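In UniProt numbering, the protein residues as written are 1 to 211.
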């Protein structure tokens, strides 16, 4: 018997509707329908919840070769995503350090590649990051992240205004040039601030040991 058939059989035996099951295990009715009509598979947490609800062992539910293959592929995909996330996290640390070369212009150093790479890496990181439950029920952590971002951004704006290069440019009267210059600087500072946020609040689980 396929998993979809088992789930439908167990639900019927328990005298429950799809809507009632969805309410009890906190998923949508459409999700329950997808599982019972062989359009999708429940994840591990979903299987455990169904097992408890129907009083059937997880082992009995997963005796479906297609389901086992699905979970094997899902595990590989998750591991690959975790690896990309970990690489992006460490690249973020490197780019955060390198970004200060662009911010303070030692020996006149400047390259557009640094903010360009930072944008790409930060987008990749936030795309692959999925551990949002760490913020669930912890509103204070979200507010702390906002406060830290604002403080870091303000501090870097202040430090930016004190750099000799910026002080020299203030004497120029080419306002179009200055507007473009400061816009670029503020974008870089925003990227630096986001990088610090990632390091402090978004460290992936498992980065302290090998896969």
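Glycine included, every Cβ here is placed at the ideal spot set by N, Cα and C.
For clarity, every value in this text was computed on a predicted model and none was experimentally measured.
Distance cutoff 8 Å, beta carbons only. Does residue 110 sit that close to anything in chain B? Looking for chain B here will not work: only one protein chain is present.
Report buried or exposed for residue 205, applying the criterion of at least 16 other Cβ atoms within 10 angstroms of its Cβ. exposed
If you pair each beta-carbon of the segment 124 to 131 with each one of the segment 83 to 93, do three or more pairs fall below 8 Å? yes
Alpha carbon of residue 217 to alpha carbon of residue 198, nearest angstrom: The displayed coordinates of the chain run from 1 to 211. Any statement about residue 217 would go beyond what the structure contains.
For residue 38, name the three-state secondary structure that DSSP assigns. coil
Residue 121 versus residue 190: straight-line alpha-carbon distance, rounded: 14 Å
Where do the ends of the alpha helix (DSSP H) carrying residue 121 lie? 113 to 128
With respect to the alpha helix (DSSP H) encompassing residue 149, which residues constitute its N-terminal and C-terminal limits? 139 to 162
Cβ-based burial, residue 195 [other Cβ within 10 Å; buried from 16]: Looking at its Cβ environment, which holds 16 or more other Cβ atoms inside 10 Å, residue 195 is buried.
Considering only residues of the same chain and omitting the five flanking positions on each side of residue 109, which have a CB-CB separation below 7 Å? 101
Just tell me which of 105, 124, 145, 135 has its CA closest to the CA of residue 185. 105
Please state whether the Cβ-Cβ distance between residue 245 and residue 141 is less than 8 Å. Residue 245 is absent from the structure shown; the chain starts at 1 and stops at 211.
On the three-state DSSP scale, how would you describe residue 49? helix
Beta carbon of residue 152, beta carbon of residue 99: below 8 Å? no
How big is the Cα-Cα spacing for residue 77 and residue 123? 19 Å
Round the Cβ separation of residue 58 and residue 48 to the nearest angstrom and send it over; I've been treating them as touching at under 8 Å. Confirmed, about 6 Å.
Inspect the beta-carbon positions of residue 50 and residue 25 and report whether they are closer than 8 Å. yes
With residue 11 as the anchor, note down where its alpha helix (DSSP H) starts and where it stops. 3 to 13
Roughly how many whole angstroms lie between the Cα atoms of residue 145 and residue 17? 42 Å
Rounding to the nearest angstrom, what Cα-Cα distance links residue 203 and residue 9 in this structure? Their Cα atoms are separated by approximately 43 Å.
Can you tell me the Cα-Cα spacing of residue 33 and residue 137, whole angstroms? 29 Å
Between the alpha carbons of residue 103 and residue 74, how many angstroms are there, rounded? Cα to Cα, the separation comes out at about 42 Å.
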